[in-house]
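Asker: Protein sequences, first through last, are from chains A and B. Numbered by the UniProt record's numbering, the letters in the first sequence go through residues 1 to 450 in order. Numbered by the UniProt record's numbering, the letters in the second sequence go through residues 1 to 450 in order.
Protein chains: 2
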Amino acid sequence: MSKSNRQMKLGAFFMIPGHHVAAWRHPESAAEDVQQFHLYKRLAEQAEKGKFDMIFFADGYAINDKLQSAIEHTVTVRPDPLILLAAISAVTTKIGLTATVSTTYNEPFHVARKFASLDHLSGGRAAWNVVTSGQNAEALNFNRNEHLKHGLRYERAEEFVDVVKKLWDSWEDDAIIVDKKAGRFAEPSKVHEVNHNGDWFTVKGPLNVSRPLQGHPVIVQAGSSEAGIELAAKTAEVIFTAWQTIEEAQNFYKNVKGKLSKYGRSHDDLKVMPGVFPIVGKTEEEANEKQALLKELIPEKAGVGLLSSLISYDLSPYPVDGPLPDLPHISEINGGKSRFQLLKDIADREQLTIRQLYQHIAGARGHREIKGTPVQIADQLQEWFENEAADGFNIMPPYLPGGLDDFVEQVIPELQKRGLFRTEYNGNTLRDHLGLKRPLSSFSKEHSIG
Amino acid sequence: MSKSNRQMKLGAFFMIPGHHVAAWRHPESAAEDVQQFHLYKRLAEQAEKGKFDMIFFADGYAINDKLQSAIEHTVTVRPDPLILLAAISAVTTKIGLTATVSTTYNEPFHVARKFASLDHLSGGRAAWNVVTSGQNAEALNFNRNEHLKHGLRYERAEEFVDVVKKLWDSWEDDAIIVDKKAGRFAEPSKVHEVNHNGDWFTVKGPLNVSRPLQGHPVIVQAGSSEAGIELAAKTAEVIFTAWQTIEEAQNFYKNVKGKLSKYGRSHDDLKVMPGVFPIVGKTEEEANEKQALLKELIPEKAGVGLLSSLISYDLSPYPVDGPLPDLPHISEINGGKSRFQLLKDIADREQLTIRQLYQHIAGARGHREIKGTPVQIADQLQEWFENEAADGFNIMPPYLPGGLDDFVEQVIPELQKRGLFRTEYNGNTLRDHLGLKRPLSSFSKEHSIG
């Protein structure tokens, strides 16, 4: 049983048709359906049946240029996550809907409005995974020669989130009246221009959608670099991280939670939810077989390409069964800095060849891989959850829909039996599920007094 | 009976809760539900039951700054149309889904991807209403001091559409293979960089969504200015126009259809669908009463504001029961030029006061208002349809959901009885409904040979 009444939060983080780079080759994966709604509907319904807090889609604005053989050997098409989650909102009623949208090649007005719209239409279930775009191939799709430097991306991101929140607040909660008789639809004194004038954006407002049902859709973040942690401590409500060991996870947990007070926030205002790549078997043997099959299915070029992409360094010239070459210093990496360091550490620690390293990370991509029976997997999740390493987890099924079915049908009942996870939704909004406060509007009277 | 087998195309063009500026005050309008999904679901299901070709949402990126009392007296909130239509796609199976997205404050990569995603997820039902943003208030939400001049907006729009089509073509129709055994997901020689390098955009591509089910989502346009007509003749497949008289409509029809051959297109490649604002009564008397009620409900400030906005000129300083003041020459108008001319012509022709003019246009906003019994309304639609004034109509219900119900339950059966409208969908995609060819990819071999 759980030591307290505290229960873990669970996100279903979907890459389609699975997180493993060879997932699409798995005999049971829905590789033909990666752009078909019926697959997404089935996944969302299954995740909701499992009482997940939310489903979660990553995103990117280019086919990865580091992955020369990506088009041939991997799945490089993926529907726009906001379009996808809007469609999913119509066939679900409780589960949270988290879309990744970059602050680098978008405009705050559009982003504020799309999430506010999704939040209204879904009955308060929207969340925004705030990311910056770090691939050169993305820059080339948006009128630039090269992508923004890491520091500038985070400066822009911080201002971007600030403008979006102002726009969400531009209609006070009670601004809409609908007095048909008096002919008054809204109270103009409760609708505000935001008049933002910053280094990156000039936005007058107000938004043309009223304040979201949740006040603000939930803010999710993923970066674990220093700039990323600082931004998360200031603005994030869910943080999605990648850690291999409980010690690393505990350090991170303590670090980011410790920074909250600096921004006037408390311990429970931010949920730390590391990624977990589960390989579930009814027996240990079955789990081992599942893992072995996935490793075998990785096309060599796709493996090298994936690894090159994750460390922002081209490994294709080097022998695949040899060690990693000398890599540049982290300060020279203008990509995912934390991911670079994490993979370099694994390679050094375990003395892996390029092939062994890509096989090692081809599923979880730097996140924690846990393998075993439902009891073993629940044990590992419980250990992290009860020892200040995590408030919950983002579950990354290796292949779909089978990998999700395994987790929902086998692991979740085990977590529920231990009192570690809900058996029914207690509220309607994603904030209800996550136990997050509804933010006051920056324009509301209570806020100015408080 | 219809003179030929040709049947009219019908779009259900929704402003929520109705096109009439006072619609929200109507006792039967769903004014409380303007951001609630259940209203949109009901409307979409009703339109699909009526066998409409498509539903259609306008859009804008600001609260109209010409309309000082807009927030108080009118409905100024509206969900993002792509989010809305994505949600609607999940609860409908046949009806086309037309979203307005501006080329002025967006990026081609995002727009191409969102429509391609909607087209895949909806089974080939997406359409893009291409507009330019002409309000100053919109510029102020996107880092600018004033909006782009009319000519520049159209130059940008033309290049924008060009880039979007290239991105839609960047994956050939048969690029995706999904050969699990050989480990080949796609054929790289059938996936193309677009390498667009123009005055407005530099976009490398390819898109990270494969070619839309319809080849290209249907391209809709609304402008009737000279630049608008030229762009429509080059790229539009549906044109949405505003005409008061059959003569004007016939002239326009002839003009735009006549320009098609210049761009290598034929007569049926572009469907002309003027807007129609129907007030349906079981008797003439009932229709008159419905019209009178709507006129009475217009708050004076909202009426003056709406008119000012439509002609891009502030009328608030002038006596509401006096004539229109001397207006600037059309060349000085940097807004909807064709709308300006149309309203000026009505005021001159019918010698209307400001109040009479706003009452006159408060519903249809310059589109054709038709009022009467189902038989009378069908007569008028038939007259335009059979005399080269229209290939179909965009129906603009005065208030919702009642105005749509009237049309579906009373007018459509009358059109069906006359053989003028389908009684069942014959295909699955919006192109099927509209009788539009599926475009070949610019990268496909057939295309280069042909």
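The C-beta atom is built at its ideal place from N, Cα and C for all residues, glycine as well.
With a threshold of 9 Å between beta carbons, is LEU118/B in contact with chain A?
Answerer: True, the Cβ-Cβ gap to chain A drops below 9 Å.
Asker: Applying the 10 Å Cβ sphere with the 16-neighbour rule, what's the burial state of GLU226/A?
Answerer: Exposed is the call here.
Asker: With 16 other CB atoms within 10 Å as the buried threshold, where does PRO325/B fall?
Answerer: By the neighbour-count rule (16 or more Cβ atoms within 10 Å), PRO325/B is not buried but exposed.
Asker: To the nearest angstrom, how far is it from the Cα of LEU85/A to the Cα of LEU420/A?
Answerer: Roughly 27 Å separates the two Cα atoms.
Asker: Could you give the C-beta distance for GLU146/B and ALA139/B, rounded to a whole number, given that I count them as a contact under 8 Å?
Answerer: Correct: roughly 5 Å between the Cβ atoms.
Asker: Taking buried to mean at least 16 other C-beta atoms within 10 Å of its own C-beta, is ALA292/B buried or exposed?
Answerer: Exposed is the call here.
Asker: Closer than 8 Å by beta-carbon distance: list the chain A residues that pair up with GLN214/B, in chain order.
Answerer: In chain order: nothing, as chain A lies at least about 13 Å away.
Asker: In chain order, what residues of the same chain lie with their CB nearer than 6 Å to the CB of PHE160/A, ignoring the 5 residues before and after it?
Answerer: THR103, PRO108.
Asker: What are the start and end residues of the alpha helix (DSSP H) that includes PHE109/A?
Answerer: Run containing PHE109/A: 108 to 121, per the alpha helix (DSSP H) assignment.
Asker: May I ask which residues mark the beginning and end of the beta strand (DSSP E) holding PRO278/B?
Answerer: 275 to 280 is the extent of the beta strand (DSSP E) around PRO278/B.
Asker: Entirely within the stretch 167 to 218 of chain B and at least 3 residues each: give me those beta strand (DSSP E) ranges in chain order.
Answerer: Counting only runs of 3 or more, we get 176 to 179, 184 to 186.
Asker: Using only the heavy atoms of the ligand NAP, determine whether one of them is closer than 8 Å to the beta carbon of SER225/A.
Answerer: Absence of the ligand NAP from the depicted structure is noted, as is the absence of any ligand whatsoever, leaving it without description.
Asker: Got a sec, what are the start and stop residues for the beta strand (DSSP E) TRP384/B sits in?
Answerer: Segment 374 to 386 is the alpha helix (DSSP H) holding TRP384/B; no beta strand (DSSP E) there.
Asker: In this structure, does DSSP put ILE333/B in helix, strand or coil?
Answerer: It is coil, neither helix nor strand.
Asker: Label PRO328/B either buried or exposed according to how many other C-beta atoms from any shown protein chain fall within 10 Å of its C-beta, with 16 as the threshold for buried.
Answerer: Classification of PRO328/B: exposed, given that the 10 Å Cβ count is below 16.
Asker: If you pair each beta-carbon of the stretch 9 to 28 of chain B with each one of the stretch 381 to 397 of chain B, do three or more pairs fall below 8 Å?
Answerer: Judged by Cβ distances under 8 Å, the stretch 9 to 28 of chain B makes contact with the stretch 381 to 397 of chain B, as three or more pairs qualify.
Asker: May I ask you to list, following chain order, the residues of the stretch 133 to 145 of chain A that have a beta carbon less than 7 Å from some beta carbon of chain B?
Answerer: Going along the stretch 133 to 145 of chain A in chain order, one finds LEU140, ASN141, PHE142, ASN143 with a Cβ nearer than 7 Å to chain B.
Asker: Counting beta carbon pairs with one atom in the stretch 377 to 387 of chain A and one in the stretch 399 to 416 of chain A, are three or more of them shorter than 8 Å?
Answerer: Counting Cβ pairs under 8 Å, three or more are found: they touch.
Asker: Where in the stretch 1 to 72 of chain A do unbroken runs of the beta strand (DSSP E), each at least 3 residues long, occur, reported from the N-terminal end onward?
Answerer: Whole beta strand (DSSP E) segments, 3+ residues: 9 to 14, 54 to 57.
Asker: Residues in the same chain with beta-carbon distance under 8 Å from ARG113/B, minus the five sequence neighbours each way, listed in chain order, please.
Answerer: Taken in chain order, the residues that qualify are LEU167, LEU207, ASN208, VAL209.
Asker: Straight-line CA distance for LYS344/A to LEU310/A?
Answerer: Between LYS344/A and LEU310/A, the C-alpha separation is close to 11 Å.
Asker: Between TYR40/B, LEU434/B, LEU357/B, which lies nearest to LYS51/B when the distance is taken from Cα to Cα?
Answerer: Nearest of TYR40/B, LEU434/B, LEU357/B to LYS51/B, Cα basis: LEU434/B.
Asker: Does ALA86/A have its Cβ less than 9 Å from a Cβ in chain B?
Answerer: Chain B contact via Cβ: present.
Asker: Mind checking if LEU297/A is an interface residue toward chain B, Cβ cutoff 9 Å exclusive?
Answerer: It does: the Cβ of LEU297/A has a partner Cβ on chain B nearer than 9 Å.
Asker: Which residue comes first and which comes last in the alpha helix (DSSP H) that contains ASN255/B?
Answerer: Run containing ASN255/B: 246 to 258, per the alpha helix (DSSP H) assignment.
Asker: Hey, how far is the Cα of THR429/A from the Cα of ASP119/A?
Answerer: Using only the alpha carbons, I get a separation of about 9 Å.
Asker: In this structure, does DSSP put GLY450/B in helix, strand or coil?
Answerer: Because the pLDDT at GLY450/B is just 35, under 50, the model does not fix this residue reliably, and the point stays unresolved.
Asker: Whole angstroms is fine: what's the gap from LYS290/A's alpha carbon to PRO299/A's?
Answerer: Distance between the alpha carbons of LYS290/A and PRO299/A: 17 Å.
Asker: Using the Cα positions of ALA127/B and ILE55/B, report the straight-line distance between them to the nearest angstrom.
Answerer: Near 10 Å, if we compare the C-alpha coordinates of ILE55/B and ALA127/B.
Asker: Measure from the C-beta of TYR263/A to each C-beta in chain B and report whether the shortest distance is under 9 Å.
Answerer: Chain B contact via Cβ: absent.
Asker: Kindly list the residues whose CB is nearer than 7 Å to the CB of PRO374/A, restricted to its own chain and excluding five residues on each side of it in sequence; keep chain order.
Answerer: VAL280, GLN410, VAL411, GLU414.
Asker: For chain A, find out if any of its Cβ atoms is closer than 9 Å to the Cβ of ALA127/B; answer yes or no.
Answerer: Chain A, which has no Cβ nearer than 9 Å to the Cβ of ALA127/B, makes this no.
Asker: Output, in sequence order along the chain, the residues in the stretch 22 to 55 of chain B whose CB is closer than 9 Å to any CB in chain A.
Answerer: Flagged, chain order: ALA22, TRP24, ARG25, HIS26, PRO27, SER29, ALA31, GLU32, VAL34, GLN35, GLN36, PHE37, TYR40, LYS41.
Asker: With a threshold of 16 other CB atoms inside 10 Å of the CB of GLU48/A, please say whether the residue is buried or exposed.
Answerer: Buried: at least 16 other Cβ atoms inside 10 Å.
Asker: Looking at the C-beta of LYS94/B, does it have a partner C-beta in chain A at a distance below 9 Å?
Answerer: No, because no Cβ of chain A sits closer than 9 Å to the Cβ of LYS94/B.
Asker: Once the 5 residues before and after LEU404/B are set aside, which same chain residues still bring their CB inside 7 Å of it?
Answerer: So the list reads ALA12, LEU43, GLN46, ALA47, PRO397, once near-sequence residues are dropped.
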